[in-house]
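Structure record follows, encoded as structure tokens.
Number of protein chains: 2
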Amino acid sequence: MNIMVENIVEALSEHLEQDQISINQTIRELHGKDESYHSISLPDVVVFPRSATDVSNIMKTASRLKVPVVPFGRGTSLEGHVIPYENGITIDFSLMDKILEIRENDLLVKVQPGVTRTQLNKELKKYGLFFSVDPGADATLGGMAATNASGTTTVKYGVMRDQVRDLEVVLADGTIMHTGNLAAKSASGFHLNGLFVGSEGTLGCFTELTLKVYGIPEFTTAARATFPTVKNAVEAVTSILQAGIPIARVELVDESSIRQVNHFSETDYAEKPTLFLEFHGNEAGLTQDVEFTQEIVKDHGCDDIQFETDNTARTKLWDARHNLAYAYIHGNVGKKMMVTDVCVPISELADAVIFARQELDAIGLTGGLTGHVGDGNFHALLMIDMNNPEEVLKAQNYNEKIVLYALERKGTCTGEHGVGVGKQKYQAAEHGEALRIMEKIKVALDPLNILNPNKIVKLESDGG
Amino acid sequence: MNIMVENIVEALSEHLEQDQISINQTIRELHGKDESYHSISLPDVVVFPRSATDVSNIMKTASRLKVPVVPFGRGTSLEGHVIPYENGITIDFSLMDKILEIRENDLLVKVQPGVTRTQLNKELKKYGLFFSVDPGADATLGGMAATNASGTTTVKYGVMRDQVRDLEVVLADGTIMHTGNLAAKSASGFHLNGLFVGSEGTLGCFTELTLKVYGIPEFTTAARATFPTVKNAVEAVTSILQAGIPIARVELVDESSIRQVNHFSETDYAEKPTLFLEFHGNEAGLTQDVEFTQEIVKDHGCDDIQFETDNTARTKLWDARHNLAYAYIHGNVGKKMMVTDVCVPISELADAVIFARQELDAIGLTGGLTGHVGDGNFHALLMIDMNNPEEVLKAQNYNEKIVLYALERKGTCTGEHGVGVGKQKYQAAEHGEALRIMEKIKVALDPLNILNPNKIVKLESDGG
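What follows is the structure in structure tokens.
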């Protein structure tokens, strides 16, 4: 333990209990990576706050010592967001995992940042409510807010940012503030909720979140539809959206990915581009939506569509989609998954998916395409051997090609995974002059550059 | 014309045509007020840009001369947003009124800031599309984005901020940048769309907006329901929302306001608290929604509910709501309207409306209550004689009482009208430490404080 770490621990001990501070190697290793392929880097110290006051004291200490700080939920980020490349302090929010208040009449909940989405949904179910955002991982709500997470229901219910009514935030200097209020809308002051959501720990640490929740829909119908080509499938989605059908989920899984699922799960799904759909509403409305959707998909060459309304049958119908990442990961032991994450305007989606498929075939790596196609967001899942530099390079070049394709069409380099370190090199190309404004905001709010430094924006003179 | 104004005009003339610059007294007077009761103050010069380049040149000139700049749409703001209390240059966007692009497949439009919402909707109708945000006035879309406007459809479609996919913004120093992209979602960088929407001209001037539009609903049903008390009416709304009925509009008009409409329009609506409702969707779904709604409102004591589906009949059914402000203004010639605008958590709404009514009765001014009750946002419309200092003071005290009531219940001082100068005194109480962050952002983006100075945030050292 070098002298600097000793200083940090000593300073932290003034306000925290001994069991809230760890320099244990295993603990540090657990906080030195996320679920991505990005390289590992360990924090010097991991702290476990129990309250906003604890976090405020940690930030005051970090400011005084000019030590970098990384907030950490469950480490499920996919672009290296939580990896402390400058070392320093990692704040693990696992002890702040209480659901503080359920305001049924306001359709709001107040939670601590360490609550996970499944933990919240389990509790909400007792009230006939649910929280809508469903990224792949069982992430913490603090982490989901920090990365503006989204998922399969975004096409109907919106992204994480749309669900955040208020955040309690601890700023770089330890100040505790609130970004919003409990009203359903407000025209008062700058939109700090929106600014802090998606800031990836670079502007502040969240210590409390007030989130929108929804009544569990009266009626749910799921569907699975196969198409001769990806283009047919995507064009069917465009038509469904154009028709104003308030679809709750619409996911594409390509032919290769269905093949991977069949291979891994010993199933026999038709190996064709497949759409997985879900509809939420009242029974009569859904019946009409489903009829209309059937007509639309048939017009786009759909060769088979199956519907289910019963809960168990719906889950089974969607199995291939649910098992997709699992089938790739467990079907390619020893390899790491790299996931592209662009989002394009819907009108560009069919061509973008075809381009991504062709380029993937050209490089010859194992992988497939899936997407939240109602939003124009799709992923290529690539399985790569990290010890094979050629494969790594191929995958990186592929990712870059997909990003540049999306940016040329006024899309974004990341639809839902965030910037972290992986998408930082595209920030200038994507945002242009706006990146200067982001840098100015970062400097104004974190002048010492101690909050998750070098994520999203990279300041020239690094004070961290 | 004093020498300073001469200097400004001369400098502006380097880049603009003579007919784009006016120091005419009548023109200046038209830009010295909005639709509120706030006092008048004239700009020194009014300019009429035709392009982002024009606006950039204006901002460069203003920066060089350190002259305040106020962007101006149609002057329909309600809290003095566009009144140039520091004089200087007003940028009138009326020449930038083109609809630039309609991307049907993406459900997006690109417009210049001077396009009004009815102008846009007239054009969109040809494509079976509509733009959802409907504040009372036929405001410009640039102004609506600057104030984060909302209206009767917000309960279903969201506020202005929810519709903005990208803004072209001219910053204080003349830099032109974009805040977003055309993808339906993004996790890339800080959320500048959200920050600039609602910034009321204090962070930049909008020169182009890309906005979400919607397909005109297949089927629309309108309803009007009367209740014995305001409490019954509001509680019925809470139950409708709780039940997950995707209501598109739900407006409350109180007894006194219906009386005012009857008196002015020679109608004979039942003088009772009244809800005006609208449902958008497919026919079967709406039929079921309407049945369910009928049950709910009956449970809350509704004594009469009428439905209409035909377009003309629906408009007639809603007449009393549409004519409300008109009935007050034209029924009280010589008086000015002051409008309160708080928004509270839905669970607090019934009590808040009752409190507002009781306090209004207590001060004895003419006025009534109306509200976008699905959002918890309600207005008291007060008719005041601006030459009677006692009435003005009464109205101001009343407004303050309503604001403080809302803030105590974690609501906001303004649900949709914005801060301008009228709600500035409540910013500290509402935002606390967060106001310091807003100030830091303002200083970082507009260090000379020339962009609509002293609106939203008031900086201690005023460089404007």
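Top line first, the protein sequences correspond to chains A and B.
Heads up: the first sequence begins at -13 in my numbering, then just goes up one per residue.
Heads up: the second sequence begins at -13 in my numbering, then just goes up one per residue.
Here a beta-carbon is modelled for each residue, glycine too, at the ideal position from N, C-alpha and C.
**Request:** Can you tell me which of the three DSSP states ARG307/B falls into?
**Result:** helix
**Request:** Specify, as a first and last residue, the run of the alpha helix (DSSP H) that GLU440/B falls within.
**Result:** The amino acid occupying residue 440/B in the given sequence is Asn; Glu does not appear at that position. Element bounds for ASN440/B: n/a, residue is neither H nor E.
**Request:** Decide if MET324/A is buried, meaning its Cβ has at least 16 other Cβ atoms within 10 Å, or exposed.
**Result:** buried
**Prompt:** If you run the structure through DSSP and keep just helix, strand and coil, what is THR104/A?
**Reply:** helix
**Prompt:** Between TYR71/B and chain A, is there a C-beta pair that is closer than 9 Å?
**Reply:** Taking Cβ atoms only, chain A never reaches closer than 9 Å to TYR71/B, which makes this a no.
**Item:** Beta-bridge partners of CYS329/A, as assigned by DSSP
**Value:** DSSP lists ASN363/A and THR398/A as partners of CYS329/A.
**Request:** Within 10 angstroms of the Cβ of PRO259/A, are there 16 or more other Cβ atoms? Answer buried if so, exposed if not.
**Result:** buried
**Message:** Assuming PRO203/A and GLY271/A are in contact, meaning their beta carbons sit under 8 Å apart, how far apart are those beta carbons, in whole angstroms?
**Reply:** Their Cβ separation, rounded to whole angstroms, is 10 Å, which puts PRO203/A and GLY271/A out of contact at 8 Å.
**Asked** Using a Cβ cut-off of 9 Å, which residues of the stretch 406 to 431 of chain A contact any Cβ in chain B, in chain order?
**Response** Residues of the stretch 406 to 431 of chain A with a Cβ closer than 9 Å to any Cβ of chain B, in chain order: LYS409, TYR412, GLN413, GLU416, HIS417, GLY418, GLU419, ALA420, LEU421, ARG422, ILE423, MET424, LYS426, ILE427, LYS428, VAL429, ALA430 and LEU431.
**Beta carbon of THR398/A nearer than 9 Å to that of SER172/B** = yes
**Prompt:** Cα separation between GLY450/A and ILE442/A?
**Reply:** Residue placement at GLY450/A cannot be trusted, given a pLDDT of 37 that sits under 50; the coordinates are not used to answer.
**Rounded separation between LYS142/B and PRO232/B - CA only** = About 7 Å.
**Asked** VAL239/A: which of ALA123/A, LYS108/A, PHE213/A and SER225/A sits nearest, CA to CA?
**Response** PHE213/A
**Request:** Run down chain E in chain order and give the residues with a C-beta less than 8 Å from the C-beta of GLN149/A.
**Result:** As a matter of chain content, chain E is missing from the structure shown, whose protein chains are A and B.
**Request:** Assuming GLN413/B and VAL407/B form a contact by the criterion Cβ under 8 Å, report the distance between their Cβ atoms to the nearest whole angstrom.
**Result:** No, GLN413/B and VAL407/B are not in contact; Cβ-Cβ is about 11 Å, not under 8 Å.
**Prompt:** Does the beta carbon of GLY404/A come closer than 9 Å to any beta carbon on chain B?
**Reply:** yes
**Prompt:** According to DSSP, which residues form a beta bridge with THR224/A?
**Reply:** Looking at the DSSP assignment, THR224/A forms no beta bridge with any residue, so it has no partner.
**Item:** Buried/exposed call for GLN246/B, threshold 16 Cβ in 10 Å
**Value:** buried
**Request:** Using a Cβ cut-off of 9 Å (strictly closer), state whether CYS329/A contacts chain B.
**Result:** yes
**Asked** What is the rounded straight-line gap between the Cα of ASP448/B and the Cα of LEU434/B?
**Response** In this predicted model, ASP448/B has a pLDDT of only 46, less than 50, meaning its place in the structure is not dependable; the value taken from the coordinates is given anyway. About 8 Å.
**Contacts that LYS380/B makes with chain A (C-beta to C-beta distance below 8 Å)** = For the C-beta of LYS380/B, not a single chain A residue is nearer than 8 Å; the gap to the nearest is close to 24 Å.
**Item:** For THR301/A and LEU263/A, the rounded distance between their alpha carbons
**Value:** 12 Å
**Item:** Burial state of LYS321/B, where buried means 16 or more other Cβ atoms lie within 10 Å
**Value:** buried
**Request:** Give the residues from the stretch 60 to 93 of chain B that approach chain A closer than 8 Å (Cβ to any Cβ), ordered along the chain.
**Result:** ARG89, GLU90, ASN91, ASP92 and LEU93
**Request:** Name the residue from PHE34/B, ALA170/B, GLY129/B and GLY66/B whose alpha carbon lies nearest to the alpha carbon of ASN465/B.
**Result:** This structure leaves residue 465/B out entirely; chain B is present only between -13 and 450.
**Message:** According to DSSP, PRO121/B sits in a beta bridge with which residue or residues?
**Reply:** PRO121/B pairs with nothing; no bridge assigned.
**Prompt:** Relative to the alpha-carbon of LEU390/A, which residue among LEU421/A, ILE423/A and THR326/A has its alpha-carbon at the smallest distance?
**Reply:** THR326/A
**Prompt:** Whole-angstrom Cβ separation of PRO331/A and LYS396/A, contact assumed at under 8 Å?
**Reply:** 6 Å
**Message:** Distance cutoff 9 Å, beta carbons only. Does HIS365/A sit that close to anything in chain B?
**Reply:** By the rule that beta-carbons nearer than 9 Å mark a contact, HIS365/A does not touch chain B.
**N- and C-terminal bounds of the alpha helix (DSSP H) containing ILE202/B** = Careful: ILE202/B lies outside any alpha helix (DSSP H) and carries neither H nor E.
**C-beta contact flag for LEU261/B and GLU237/B at 9 Å** = yes
**Asked** Around the C-beta of ALA26/A, are 16 or more other C-beta atoms found within 10 angstroms, so that it is buried, or is it exposed?
**Response** The question names Ala, yet the displayed sequence has Ile at residue 26/A. Per the 10 Å Cβ criterion, exposed.
**Asked** Alpha carbon to alpha carbon, how far is SER49/B from GLU3/A?
**Response** 53 Å
**Asked** Within 9 Å (strictly less), CB to CB, does GLY450/A reach chain B?
**Response** With a pLDDT of only 37 at GLY450/A, under the threshold of 50, the placement of this residue in the model should not be trusted; the figure read from the coordinates follows. Judged by the 9 Å Cβ criterion, GLY450/A is not in contact with chain B.
**Item:** chain A contact residues for GLN228/B, given Cβ-Cβ distances below 8 Å
**Value:** GLU90, ASN91, LEU93 and GLY201
**Prompt:** At a CB-CB cut-off below 7 Å, which residues of chain B make contact with CYS399/A?
**Reply:** Chain B residues near CYS399/A: SER174.
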